[in-house]
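Taken in sequence, the protein lines are chains A and B. So for the first sequence, numbering that gives the first Met the number 0 puts the first residue at 0; every next one is plus one. So for the second sequence, numbering that gives the first Met the number 0 puts the first residue at 0; every next one is plus one. Where a beta carbon is used, it is the ideal one built from N, C-alpha and C, also for glycine.
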Amino acid sequence: MLLFPAFLIVVVVVLIPLIMTFADSLKHYNLLDMSGGTPFVGLQNYAKLLSDPGFWGSLGRTLHFTILSLVIEFILGVAIAMLLHAKFHGQWLLRGLIVIPWAIPTIVNGAMWRWIYNPSYGALNNFLVWLHLTKTYHQWLGSPATAMNMVVIADAWKMIPLVAMLVLAALQLIPEDVYEAVAVDGAGRIRSFFSITLPYLKNVILVVLVIRTIDAIKVFDIIYAMTGGGPANSTMPVAYYAYDATFNQLFISRGAAAAYLIAMLTLIFTIVYSRLLKTEEESK
Amino acid sequence: MIVESRASRTMWSTVKYVFALIVVFCTAAPFLWLIISSLEPTQDLYSVPVVIRLRDFSFSRYAQIFQSSDPNSPAYVFRHAMGNSIEIAIVVTVVCLIVGFFAAYAFARLNFRFKRSLLFSFLFTYMVPSISLVMPLYIIFSRAGMLDSKFTLMLVYSSFVLPYTVWVLQGYLVSVPGELEEAARVDGCTYFGAIIRVIVPVVIPAIIATAVFALLLAWDEFLYALILTSTIHAQTISVTIASFVGKNVADFGMIATGGVLAALPPTIFALLFQRFIVGGMTAGSVKG
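As structure tokens, then:
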């Protein structure tokens, strides 16, 4: 009885639509060409998807986005957590400041960075020229070579604080005497980081890794706000591919097939995540 | 403590402060730039190279947002969208906390068949990408005549906020010993009385942390709002900002003003309840 309202919402808003998406993905359903109706075609949409270089390209860009953002977020997230864990003057300022990017809505963040990257009026070009690091203004989001990396930076700016706060919480649980023990052995800071801190952080790092991977597979909002998938599809990850197929090309069944594959991909990582939590629980 | 030479200590201390300065700059500069853009007059905003003249700063765009009565102006649209976002986020957060708390209590205390798989299905519901659900939802709500409605968005947002609150709160409740309620019941409390009077006060930090996250989830949502709404009757602030960015109709100053206002409520919440957040995160995603 306590569970019923929660259960009802999950069934109506999630389970039924998910089944409908799967059903759509088994038809030929193109709103621009309804002459043949919407016949059942089995797994044909999936076969076409898997032979479409555009789809593989979007999967590759999702992979690019995922790996690059995880690397940036981890290195900087752990470094900032270590900084917040150490003592220094003015620390309160940084502890407050660091929450702000995380609280800024994704669309606002995207719009903000799009403006920062603006080739002529943007802060980035003006700042780099002012520092004499570059002489010409760059088309950060306008060139296929840099656009995806610039989107990753914008996304990482918002998400690093989350990683840092999670790692900080784990750092605070490491008992001080473990460090004293290795200090007796004459270990320096760098060695004690690799032999104590990192092993202690293993669990939190694994968990954040999986959560951020799921987030990265779904990445859509920031792309919509910053580039719309362009230029020349260079920032179109797989979730945007599904959106584009469904809502721009109105090829419902192809979009549904892509969307369903993404859902299954997140299902796999959700299983990994719940296994991870279970083994962690048992190790306690 | 780590024993090291004075030179090494000075070096590490320098590294620390230099890094801290860089982090402060990189964190603050982007949103300071957004705030500056919202205050600068349009001609300064669109000058090359960029100029920042403090004496020209004005709050006129903010005043416009609060006063504009022209339904076609971005200022008017932003004000209404802000109202919609606030209404939706508050209702979703409050409802999901209450419903989620009791569901979490059931998961933490009672034993029933399929408990683990049900809990897992809640987790998956929270994780499933909205792009996989949005087209069927559009069809369902358009047949039911429920498109472009705040109630519809509240319902849809609950489908991912609620599993989140259930998931996090049950993680907390498992760690609260069951003897607490039993003692209260022996003292004459009813079943619900024991939950409200004994358990809620114990887990209030968790409830606050969950509330902040739930609010941010609802406030941040974009794709459902984009597809399921069409007018300022139900459009949220994220959708209106994205539409103005895409169309380039407004000068960026107005978008920046809308952006600052849209970022304000979640930022205030996050800063106010910061010390609960870190604890809430560990419970929610690490303990499980």
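Residue i classed as buried or exposed, judged by whether at least 16 other C-beta atoms fall within 10 angstroms
i, result
"N117 (chain A)", "buried"
"G283 (chain B)", "Note on G283 (chain B): pLDDT 49, under 50, position unreliable in the model; the coordinate value appears next. G283 (chain B) should be labelled buried."
"N110 (chain B)", "exposed"
"W91 (chain A)", "exposed"
"N108 (chain A)", "buried"
"S194 (chain A)", "exposed"
"P52 (chain A)", "exposed"
"L225 (chain B)", "buried"
"K86 (chain A)", "exposed"
"R60 (chain A)", "buried"
"V285 (chain B)", "Its pLDDT being 43, under 50, V285 (chain B) is placed unreliably by the model, and the measurement read from it follows with that caveat. Burial call: buried."
"P135 (chain B)", "buried"
"M0 (chain B)", "The predicted model places M0 (chain B) with a pLDDT of 49, which falls under 50 and marks its position as unreliable, so this point remains unresolved."
Contact belief for residue i with residue j at Cβ below 8 Å, rounded distance in angstroms
i, j, result
"S57 (chain B)", "L44 (chain B)", "Contact doesn't hold; Cβ gap of about 12 Å is too wide."
"S50 (chain A)", "S252 (chain A)", "Not a contact, Cβ separation roughly 15 Å."
"L48 (chain A)", "A257 (chain A)", "6 Å"
"L96 (chain A)", "T26 (chain B)", "5 Å"
"P70 (chain B)", "T265 (chain A)", "That pair is no contact at about 40 Å."
"N148 (chain A)", "Y136 (chain A)", "Incorrect: roughly 17 Å between the Cβ atoms, too far for contact."
CA nearest to the CA of residue i, picked from the options
i, options, result
"A284 (chain A)", "A:T65, A:L14, A:R60, A:I152", "Given a span of 0 to 283 for chain A in the structure shown, any question on residue 284 (chain A) remains unanswerable."
"G82 (chain B)", "B:I236, B:F221, B:V49", "B:I236"
"L284 (chain A)", "B:A19, B:F159, B:W166, B:A88", "In this structure chain A extends from 0 to 283, so residue 284 (chain A) is not present and cannot be described."
"P160 (chain A)", "B:A208, B:A269, B:T151", "B:A269"
"I130 (chain B)", "A:V271, A:M235, A:Y259, A:A46", "A:Y259"
"A309 (chain A)", "A:T269, A:P104, A:N29", "This structure leaves residue 309 (chain A) out entirely; chain A is present only between 0 and 283."
"L75 (chain A)", "A:A102, A:L130, A:F54, A:A163", "A:A163"
"S229 (chain B)", "B:F65, B:S148, B:I139, B:V197", "B:S148"
"N247 (chain A)", "A:H137, A:I204, A:L31, A:M111", "A:L31"
"G170 (chain B)", "B:S7, B:R112, B:F24, B:F100", "B:F100"
"E181 (chain B)", "B:S174, B:V197, B:I240, B:L168", "B:V197"
"T256 (chain B)", "B:W32, B:A28, B:F24", "B:W32"
"V177 (chain A)", "A:F192, A:L167, A:F126, A:A168", "A:F192"
"T92 (chain B)", "B:S174, B:Y190, B:S4, B:T164", "B:T164"
"I97 (chain B)", "A:V40, A:W112, A:L82, A:L2", "A:L2"
"C95 (chain B)", "A:P100, A:V128, A:P4, A:T196", "A:P4"
"I207 (chain B)", "B:V259, B:L227, B:V277, B:V155", "B:V277"
"M33 (chain A)", "A:T212, A:P174, A:F250, A:G141", "A:F250"
"I267 (chain A)", "B:L122, B:L260, B:P200, B:M253", "B:L122"
"F140 (chain B)", "A:V11, A:V271, A:A182", "A:V11"
"W112 (chain A)", "A:V150, A:A144, A:V206", "A:V150"
"L200 (chain A)", "A:I216, A:E179, A:P174", "A:P174"
"L58 (chain A)", "A:V271, A:T196, A:N232, A:T145", "A:N232"
Neighbour flag for residue i against chain A, beta carbons, 7 Å
i, result
"Y156 (chain B)", "no"
"T240 (chain B)", "Checking the sequence, you will find Ile at residue 240 (chain B) rather than Thr. I240 (chain B) counts as touching chain A."
"Y45 (chain B)", "yes"
"S4 (chain B)", "no"
"T228 (chain B)", "no"
"T235 (chain B)", "no"
7 Å Cβ cutoff, residue i in contact with chain B
i, result
"G87 (chain A)", "Correcting the residue type first, residue 87 (chain A) is Phe in the shown sequence and not Gly. Interface residue, yes."
"I106 (chain A)", "yes"
"P118 (chain A)", "no"
"I213 (chain A)", "yes"
"D154 (chain A)", "no"
"A122 (chain A)", "yes"
"M149 (chain A)", "no"
"K217 (chain A)", "yes"
"M19 (chain A)", "yes"
"T278 (chain A)", "no"
"A241 (chain A)", "yes"
"T65 (chain A)", "no"
"L7 (chain A)", "no"
Within chain A, partners of residue i - CB distance below 8 Å
i, result
"V93 (chain B)", "Chain A residues near V93 (chain B): none, gap ~14 Å exceeds 8 Å."
"K15 (chain B)", "L82, A85, F87"
"F56 (chain B)", "Simply none; closest approach about 16 Å."
"L122 (chain B)", "T269, Y272, S273"
Amino acids of chain B, ordered along the chain, whose beta-carbon sits closer than 9 Å to that of residue i
i, result
"I173 (chain A)", "Those within 9 Å of I173 (chain A) in chain B number zero; the least Cβ separation is about 13 Å."
"G254 (chain A)", "I130, M134"
"G95 (chain A)", "L270, Q273"
"L167 (chain A)", "V277"
Closer than 8 Å at the beta carbon, the chain B residues around residue i
i, result
"M111 (chain A)", "P29, F30, W32, L33, A255, G258"
Partner residues on chain A for residue i, Cβ-Cβ distance less than 7 Å
i, result
"F101 (chain B)", "L1"
"W218 (chain B)", "P104"
"M126 (chain B)", "I213, T265, T269"
"A261 (chain B)", "P104, V107"
"A105 (chain B)", "L1, L2"
Partner residues on chain B for residue i, Cβ-Cβ distance less than 7 Å
i, result
"N125 (chain A)", "P48, V49"
Any non-hydrogen atom of the ligand NAD within 6 Å of residue i CB
i, result
"R60 (chain B)", "The model on display carries no ligand, and the ligand NAD is accordingly not part of it."
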